[in-house]
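Okay, so here's the structure we're looking at.
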Amino acid sequence: GRGGMGSVFEAEQDSPRRTVALKVIRAGVISPQLMQRFQYEAEVLGRLQHPGIAQIYEAGVFRAEDQPDHEPQPYFAMELIDGLPITEYCEKNHLSTGERLELLAKVCDAVQHAHQRGVIHRDLKPGNILVTAEAATEASATGSRSEMSHGGQPKVLDFGVARATDSDIQTTTLRTNIGQLIGTVPYMSPEQASGDPGEIDTRSDVYALGVLAYEVLAGRLPYDIRQKMIHESLRVIREDAPAPLSSINRVFRGDVETIVTTALTKEKERRYQSASALASDIRRYLGDEPISARPPSAMYQLRKFAQRNRAVVAGIITTVLALVIGLVGTIWYAVGESEQRARAVEKEHIAMQQEHRANEKAEEATANMKLAVQREAEVTRIAAFQENLLDELQPDRLARSFLDGLREEFSAELGKQGE
4 GRGGMGSVFE AEQDSPRRTV ALKVIRAGVI SPQLMQRFQY EAEVLGRLQH PGIAQIYEAG
64 VFRAEDQPDH EPQPYFAMEL IDGLPITEYC EKNHLSTGER LELLAKVCDA VQHAHQRGVI
124 HRDLKPGNIL VTAEAATEAS ATGSRSEMSH GGQPKVLDFG VARATDSDIQ TTTLRTNIGQ
184 LIGTVPYMSP EQASGDPGEI DTRSDVYALG VLAYEVLAGR LPYDIRQKMI HESLRVIRED
244 APAPLSSINR VFRGDVETIV TTALTKEKER RYQSASALAS DIRRYLGDEP ISARPPSAMY
304 QLRKFAQRNR AVVAGIITTV LALVIGLVGT IWYAVGESEQ RARAVEKEHI AMQQEHRANE
364 KAEEATANMK LAVQREAEVT RIAAFQENLL DELQPDRLAR SFLDGLREEF SAELGKQGE
């Protein structure tokens, strides 16, 4: 095959005898700095020994015998992988969700192996992960042994070397002119899309694994950026949330969606902190065990929505504030009206109380007047009685009455004697 920076040949190695893939980088394409970096990374990759990583057997430079004046050309010989990109393999073999997740866990194991040895891939994508049809029973990164479904074994290619030699990366970097972009745009992490290589770490590969998982399970990428310009595509990756996995197929609702969403979190600190953590949660799900990841909280989702839709949120806030101000004004007016009505009712109540008290006082005055008249009549009767009594007690009247009585008694006695 031929690429923008070199060619790949199927070649035979003499010692040991084996078929290899030989990638030759064209002279004049790589600068001295990139040449040094290429050689350093080739040495590092030579120490990676994992069944999920395409092995590099030899790396170096050579000068063509028929072109002695040309610059030395770098090359590396690596394991020849006869396989399909992981997405094509899954579709061709009609793998179930569980079988696809098993393959993804194996890819995570390979990536974790490289991370533990200081190597970051930076360009994980289906084209760099081939699945062979050969049977493979092997020890996983956790030390357990497992049989791959359908005999498939994922192999990660161009581990780290791609960041220095892949033509897609150079093309992307030259075209964007916004910084040094490393990777293939649809699989870039937000920090890669920002153009700052210093922000890239192992968690950037975790994000790419999340994109890969999304594509393997849903059959499409998290973001549809096929018709977008490069700057808009990078903005989408940095700011927009992917469509929920369950919106594509409800079978992914729950733990599977949570696992993929966690790997695709924009902030590195909220992602799985390692490829092994992602693999562990996948295997927990496959083993019907509780996963460690949790769905994002409602408050976090609201905050991210506000960050992604500042203009919309500003409009909503303005509308809400206007409604609140209007509501407060209405309530204030209603409270004022209510207070006025309350004061009027209170005044009316006070007036009624005063009227009631006045009526009570009037009734009390009338009763007192009647009582006074009654008492006056009683006093008059008593005074008349006393006056009559005093009249009867006068001395001359008493003496005359006494003498009249004696005379009547004497006359009566004389009458008795005359008889």
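Residue 34 in this note's numbering is what sits at position 31 of the sequence shown, and the numbering runs on without skipping anything.
Ideal Cβ placement from N, Cα and C applies to all residues, glycine included.
Give the straight-line distance between the Cα atoms of residue i and residue j, rounded to the nearest whole angstrom.
| i | j | result |
| --- | --- | --- |
| residue 1 | residue 46 | Coverage of the chain is limited to positions 4 through 422, which leaves residue 1 absent and any answer about it impossible. |
| residue 372 | residue 378 | 10 Å |
| residue 287 | residue 281 | 10 Å |
| residue 350 | residue 344 | 10 Å |
| residue 283 | residue 333 | 57 Å |
| residue 19 | residue 66 | 23 Å |
| residue 118 | residue 229 | 31 Å |
| residue 419 | residue 411 | 12 Å |
| residue 83 | residue 231 | 36 Å |
| residue 215 | residue 116 | 18 Å |
| residue 357 | residue 325 | 47 Å |
| residue 242 | residue 336 | 44 Å |
| residue 389 | residue 375 | 21 Å |
| residue 416 | residue 382 | 47 Å |
| residue 192 | residue 316 | 25 Å |
| residue 159 | residue 131 | 6 Å |
| residue 235 | residue 341 | 56 Å |
| residue 339 | residue 359 | 30 Å |
| residue 361 | residue 346 | 22 Å |
| residue 313 | residue 48 | 44 Å |
| residue 331 | residue 320 | 16 Å |
| residue 251 | residue 257 | 13 Å |
| residue 246 | residue 263 | 11 Å |
| residue 407 | residue 387 | 27 Å |
| residue 60 | residue 126 | 21 Å |
| residue 81 | residue 64 | 15 Å |
| residue 253 | residue 75 | 55 Å |
| residue 353 | residue 327 | 37 Å |
| residue 413 | residue 385 | 39 Å |
| residue 405 | residue 365 | 57 Å |
| residue 53 | residue 278 | 15 Å |
| residue 318 | residue 233 | 28 Å |
| residue 298 | residue 62 | 45 Å |
| residue 276 | residue 292 | 20 Å |
| residue 402 | residue 370 | 49 Å |
Could you tell me whether the Cβ atoms of residue i and residue j are closer together than 9 Å?
| i | j | result |
| --- | --- | --- |
| residue 111 | residue 102 | no |
| residue 248 | residue 259 | yes |
| residue 42 | residue 77 | yes |
| residue 155 | residue 107 | no |
| residue 213 | residue 274 | yes |
| residue 14 | residue 57 | no |
| residue 186 | residue 195 | yes |
| residue 157 | residue 211 | no |
| residue 136 | residue 85 | yes |
| residue 17 | residue 123 | no |
| residue 90 | residue 270 | no |
| residue 50 | residue 120 | yes |
| residue 133 | residue 197 | no |
| residue 289 | residue 104 | yes |
| residue 22 | residue 255 | no |
| residue 265 | residue 244 | no |
| residue 95 | residue 55 | no |
Along the chain, where does the alpha helix (DSSP H) containing residue i start, and where does it finish?
| i | result |
| --- | --- |
| residue 87 | Run containing residue 87: none in the alpha helix (DSSP H); it sits in the beta strand (DSSP E), 86-88. |
| residue 194 | 193-196 |
| residue 109 | 100-119 |
| residue 268 | Neither: residue 268 is in no alpha helix (DSSP H) and is coded neither H nor E. |
| residue 235 | 233-242 |
| residue 126 | Unbroken run through residue 126: none, as it is neither H nor E. |
| residue 284 | 278-289 |
| residue 185 | Note, residue 185: premise wrong, no alpha helix (DSSP H); not H, not E. |
| residue 228 | Run containing residue 228: none; DSSP gives neither H nor E here. |
| residue 248 | 248-251 |
Below 8 Å on the Cβ atoms is my contact criterion, and I expect residue i with residue j to pass it. Report the Cβ-Cβ distance as a whole number of Å.
| i | j | result |
| --- | --- | --- |
| residue 294 | residue 261 | 7 Å |
| residue 220 | residue 189 | Wrong, their Cβ atoms sit about 16 Å apart, outside the cutoff. |
| residue 226 | residue 239 | 5 Å |
| residue 79 | residue 26 | 6 Å |
Which residues bound the beta strand (DSSP E) around residue i?
| i | result |
| --- | --- |
| residue 62 | 59-65 |
| residue 205 | Where residue 205 is concerned, there is no enclosing beta strand (DSSP E), although the alpha helix (DSSP H) it sits in stretches over 205-221. |
| residue 159 | 156-159 |
Quickly, what does DSSP pair residue i with across the bridge? List them, please.
| i | result |
| --- | --- |
| residue 21 | 16 |
| residue 134 | 87, 157 |
| residue 294 | None, per the DSSP bridge assignment. |
| residue 79 | 26, 62 |
| residue 56 | 159 |
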